[in-house]
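What follows is a short report on a single structure.
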Amino acid sequence: METAFPQTAAAGNAARVEELASDPRVARALDWLAKNVAWVNDEQVHITEIPAPSFLESARAVYLRKLLSCCGLRVRTDDVGDVIAERPGEVAGNVVLVTAHLDTVFPPGTDVKVRRNANRMAAPGISDNSTGLVALVAVARALNEGKIKTRMTLVFAADVGEEGEGNLRGMRKLVENYGDRLRYVIALDGASTDHVTAAAVASRRVEISVLGPGGHSWSDFGVPNPIHALSRGLARFVKVRVSSEPRTTFNVGAIEGGTSVNSIPDRATIKVDLRSESEGELDHLEAALREAIQAGVDEEMAAARDRGITGREPNGKLEIKLRVLGLRPAGELAETLRSLLPCARPIAIWAIARTASDLPPTPISRSRLASRQFPSAQADAPGEPIHSASGTTLRAVSSACNAFCSLCWASPVWN
Ligand SMILES: [Zn+2]
C-alpha cells in the first residue's frame, strides 16, 4: 500500500539522519560497499545459480551459512532450515531481525544460469530473492568493516518457505523463536528499491475438491459430475464483485480432475488464491467462494436428477473437501515508524553518489513486518520466468543499508 508520510516528522528527523551519515563508522561501512560492488554482484550470481525451490532450499542455505560465517558471525540453522546469524548488541534482550527469503517460485530443473549482458544480469530468481540475500550478507559485512556496534542484537536470517505453499514457515519459526524480544523486522525482497512496503496484504490459499461416485459417460449418464459441479461453482464465483479500496483480489490458479474423456470423474480440484488489504473483505470473499462452490454442487445434483437418473446410492452424492494451503494475516507499520521512513532518502542519495552516478536515488528496500505481525508476501511473480537486474544489487545494498540506518536511529538501536 503506497502511503504518503507526514512531511513534518520527516523533516524533523532528517537532521538526525545527516548526523548519522557523518559518523566515521557509517562512512567506513558505506565506503566498503562502494568499493565492493563487483564482489556483491558475483555473490548474487553464485546464489542465483544454486537452485532453491520452496522446500528444497538446503543447498542454497549451506552457501548462505558460509557467506554469513565470513562476516565474523556465529551462524546456526534452525529446525525448519532458516539460516540465522546473530550479531550481539551491547544490551542483551531485544533484537532487530533482518531477513531475506531463500526460496524461489521456480520448480526443480529450471535453468538458473545467469546471463550477463553489459551491466545487466538475468536469470530466474535473480531478483526475487538473490537480491535480498546478497544484500543481507553485504550489510552484515559492511557493519563489520565499519566496526559498527549496535545497542540491540542484530539477527540476520535467510528464511525458508516464503513462496507459494511454503506459507512463511521460516518466518513464522523466527517470530515464534524470538517472540517478545523482536523489536523490529526488515524483510529484504525483490528488485524494487524505490519504495518501502508498509502494509502487508492478507491472503488465504485453499484447495477445494469435489468428490463423486464416478462412472461411465454413457452407461452412468446422470451421475453427478465433480467437474460439472466445480465449473458451475466457479462460474458463479468469478462474477463476485470485489472491493478496489481496500484492494481485494482472487485467482483460480490450478484446476485438475478426471482421467479420460469417456469416464465421469470421481474428483475435481481447484487451487484458489484470495488476497485483500482488509481481513474483513477477505472473510467476505472466502464466504462467497464457499457459497458459490456449494451452489455449484447443489445445481449439479439437481441437474443429475433432471437428467433422469438418480445418483447411485450410497455413493451418488457429491462431497466438498477444503484444504487450507496458506494463511497470511494482514499487517501495517505503526504510524511512528511510517513517519520515519522518508528520512532514509538522504543517505540513499549519499550512498549511491559514491558508487555510480547513473543510478537513481532509490532509497530503502522492502520492510514488511510491523512489530510482531507476520509479513505477507508481495505479489509473487510465478508468471515472470525471468527476473532482470540492472544495477539491482548495488541499489539493493545501499537500500538495505538505508533501511537499516533508518531503523537504527529510530529505535534507537544505533550507538
Ligand atoms: Zn520474494
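Residue numbers (the working numbering): -4 to 410.
The C-beta atom is built at its ideal place from N, Cα and C for all residues, glycine as well.
Relative to the C-alpha of residue i, which residue among the options is closest?
i: Glu85; options: Leu63, Ile143, Gly76, Met147; result: Met147
i: Asn246; options: Thr254, Ala16, Val235, Val100; result: Val235
i: Pro48; options: Thr145, Leu97, Leu225; result: Leu97
i: Ala24; options: Lys144, Gly104, Val150, Arg199; result: Lys144
i: Gly120; options: Ala113, Ala186, Ser271; result: Ala186
i: Glu81; options: Val201, Ser271, Ser238, Ala152; result: Ala152
i: Leu206; options: Lys316, Pro19, Asp26, Val237; result: Lys316
i: Asp293; options: Arg302, Lys312, Gly275, Asp278; result: Lys312
i: Ile181; options: Val319, Leu28, Val134, Leu92; result: Leu92
i: Ser271; options: Ala290, Ala287, Ser238, Ala117; result: Ser238
i: Ala263; options: Ala282, Ala283, Leu225; result: Leu225
i: Val134; options: Val100, Leu269, Leu320, Val21; result: Val21
i: Glu240; options: Glu276, Pro19, Arg231, Thr254; result: Glu276
i: Ala137; options: Thr94, Asp74, Lys30; result: Lys30
i: Phe232; options: Phe216, Phe101, Ala282, Asp175; result: Ala282
i: Asn114; options: Gly161, Ala33, Gly248; result: Ala33
i: Leu163; options: Ala287, Arg176, Ala118, Ala95; result: Ala95
i: Phe101; options: Tyr58, Gly67, Gly161, Asp74; result: Gly161
My assumption, with CB atoms under 8 angstroms, is that residue i sits in contact with residue j. Please give the rounded CB distance.
i: Val40; j: Val109; result: 5 angstroms
i: Gly210; j: Val218; result: 5 angstroms
i: Arg60; j: Thr43; result: Contact doesn't hold; Cβ gap of about 17 angstroms is too wide.
i: Ala197; j: Ala290; result: The Cβ separation is near 25 angstroms, so there is no contact.
i: Asn257; j: Ser204; result: The Cβ separation is near 22 angstroms, so there is no contact.
i: Pro260; j: Pro221; result: 5 angstroms
i: Ala130; j: Leu63; result: The pair is not a contact, with the Cβ atoms about 13 angstroms apart (cut-off 8 angstroms).
i: Pro46; j: Pro83; result: With a Cβ gap of about 33 angstroms, Pro46 and Pro83 do not count as contacting.
i: Val155; j: Glu38; result: Not confirmed; about 19 angstroms, so no contact.
My output table needs one value for residue i: the three-state DSSP class, helix, strand or coil.
i: Phe151; result: strand
i: Pro407; result: For Pro407, the predicted model reports a pLDDT of 23, less than 50, meaning its position is unreliable and no value from the coordinates is stated.
i: Thr43; result: helix
i: Ile315; result: strand
i: Asp268; result: strand
i: Arg146; result: coil
i: Asn124; result: helix
i: Val235; result: coil
i: His190; result: coil
i: Leu320; result: strand
i: Glu85; result: coil
i: Asn36; result: helix
i: Ala325; result: coil
i: Pro221; result: helix
i: Arg361; result: Reliability of the predicted coordinates at Arg361 is poor, the pLDDT of 26 falling under 50, and no value is obtained from them.
i: Leu97; result: coil
i: Val75; result: coil
i: Gly159; result: helix
Compute the Euclidean distance between the alpha carbons of residue i and residue j, then round it to the nearest angstrom.
i: Glu14; j: Glu140; result: 20 angstroms
i: Gly88; j: Arg178; result: 10 angstroms
i: Val201; j: Glu158; result: 15 angstroms
i: Arg69; j: His223; result: 57 angstroms
i: Cys65; j: Asp77; result: 17 angstroms
i: Ala124; j: Thr99; result: Note on residue identity: the sequence assigns Asn, not Ala, to residue 124. Cα to Cα, Asn124 sits roughly 7 angstroms from Thr99.
i: Lys266; j: Ile250; result: 7 angstroms
i: Leu169; j: Ile79; result: 9 angstroms
i: Met116; j: Arg323; result: 32 angstroms
i: Asn112; j: Phe216; result: 60 angstroms
i: Ser255; j: Ser214; result: 15 angstroms
i: Val150; j: Thr192; result: 20 angstroms
i: Ala16; j: Leu28; result: 14 angstroms
i: Gly174; j: Gly165; result: 14 angstroms
i: Val75; j: Leu320; result: 18 angstroms
Starting from residue i, follow the beta strand (DSSP E) in both directions and report where the run begins and ends.
i: Phe216; result: Careful: Phe216 lies outside any beta strand (DSSP E) and carries neither H nor E.
i: Val132; result: It is not in any beta strand (DSSP E) - Val132 instead sits in the alpha helix (DSSP H) that spans 127 to 140.
i: Ile250; result: 243 to 252
i: Val256; result: Element bounds for Val256: n/a, residue is neither H nor E.
i: Val78; result: 78 to 82
i: Glu202; result: 197 to 206
i: Asn112; result: 110 to 112
i: Leu183; result: No beta strand (DSSP E) contains Leu183, which DSSP labels as neither H nor E.
i: Arg71; result: 69 to 72
i: Arg115; result: 115 to 118
With residue i as the anchor, note down where its alpha helix (DSSP H) starts and where it stops.
i: Asn172; result: 164 to 173
i: Ser53; result: 53 to 64
i: Ala297; result: 274 to 301
i: Ala29; result: 19 to 30
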